[in-house]
Amino acid sequence: NQLIITDKITVLEDQAKCYMHLKNDEKFIETVYELIKEYPDNGDYFAMLEEYVPKEKFIEELYKIKESIKSKYAHVRILELIDISDPKFDELLKEHMHYLLKKGSPAIYATIADFTEDKLMAAVKIAEETELPVYAYAIKQIFIAQVYLSLKRYNEAYEEIEKGIEHTPTIV
Numbered sequence: 027n028q029l030i031i032t033d034k035i036t037v038l039e040d041q042a043k044c045y046m047h048l049k050n051d052e053k054f055i056e057t058v059y060e061l062i063k064e065y066p067d068n069g070d071y072f073a074m075l076e077e078y079v080p081k082e083k084f085i086e087e088l089y090k091i092k093e094s095i096k097s098k099y100a101h102v103r104i105l106e107l108i109d110i111s112d113p114k115f116d117e118l119l120k121e122h123m124h125y126l127l128k129k130g131s132p133a134i135y136a137t138i139a140d141f142t143e144d145k146l147m148a149a150v151k152i153a154e155e156t157e158l159p160v161y162a163y164a165i166k167q168i169f170i171a172q173v174y175l176s177l178k179r180y181n182e183a184y185e186e187i188e189k190g191i192e193h194t195p196t197i198v
């Protein structure tokens with residue numbers, strides 16, 4: 027006989043799968059919440075939830091998770107799923123972008139790379155309108171260049187890179 031060691035997370039993952047197959051909505055959602063509390067940005071747990079609940083309920087759950095657990099993954103997933111014309115879209119995108127831009131995070135683009143073109147351009151507009159500390163200017167230009175590159179708008183991408191280098195020559 028082989029000793030099998032399992033941890034709390036493995037047990038919760040197994041429970042969630044059982045509840046999902048047994049169609050026990052309440053217990054399934056409760057268990058997935060426990061998993062997300064442990065790992066708030068683990069996309070696998072969100073994928074389980076998304077697979078199980080209808081889209082409208084999933085978005086509601088994402089809002090709850092974003093507020094109660096402060097999951098950045100939930101925040102971005104909401105932005106991916108809601109329509110750009112949704113009244114909450116601009117506010118949510120600004121909240122996401124302002125935090126990363128002011129922090130000077132070079133990974134801004136990676137967090138929204140799966141957005142549609144119109145949502146990416148809304149993010150560029152926010153970046154261009156945001157007042158930033160001097161140290162974050164080059165990061166902003168790189169972000170905008172990355173968006174343009176993803177859209178195959180190479181001349182504009184090049185111009186943004188040049189602006190960043192001109193402003194902060196030590197960026198390279």
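At position 141 of the sequence shown (counting the first as 1) the number is 167 in my numbering, and the numbers step up by one without a gap.
Positions of the beta carbon are idealized from the N, C-alpha and C atoms, including for glycine.
CB of residue i within 8 angstroms of CB of residue j, strictly
| i | j | result |
| --- | --- | --- |
| alanine 153 | isoleucine 138 | no |
| glutamate 60 | leucine 38 | yes |
| aspartate 67 | lysine 90 | no |
| lysine 145 | isoleucine 110 | yes |
| alanine 73 | leucine 88 | no |
| tyrosine 45 | phenylalanine 54 | yes |
| proline 195 | isoleucine 168 | no |
| glutamate 186 | isoleucine 165 | no |
| leucine 177 | glutamate 143 | yes |
| histidine 193 | threonine 156 | no |
Residue i in three-state terms, based on DSSP
| i | result |
| --- | --- |
| alanine 133 | coil |
| arginine 103 | helix |
| asparagine 181 | helix |
| proline 195 | helix |
| threonine 142 | coil |
| isoleucine 108 | coil |
| aspartate 116 | helix |
| lysine 43 | helix |
| threonine 156 | coil |
Contact with chain C by residue i, beta-carbon distance below 8 angstroms
| i | result |
| --- | --- |
| alanine 139 | This model lacks chain C altogether; it includes just one protein chain. |
Anticipated Cβ contact below 8 angstroms, residue i with residue j, distance rounded
| i | j | result |
| --- | --- | --- |
| leucine 105 | leucine 118 | 6 angstroms |
| leucine 175 | lysine 128 | The Cβ separation is near 23 angstroms, so there is no contact. |
| glycine 130 | tyrosine 180 | At roughly 25 angstroms, the Cβ-Cβ gap does not stay under 8 angstroms, so glycine 130 and tyrosine 180 are not in contact. |
Neighbourhood of residue i by C-beta, 6 angstroms cutoff - its chain only, sequence neighbours within 5 removed
| i | result |
| --- | --- |
| tyrosine 71 | Val58, Leu61 and Ile62 |
| lysine 189 | Gln167 |
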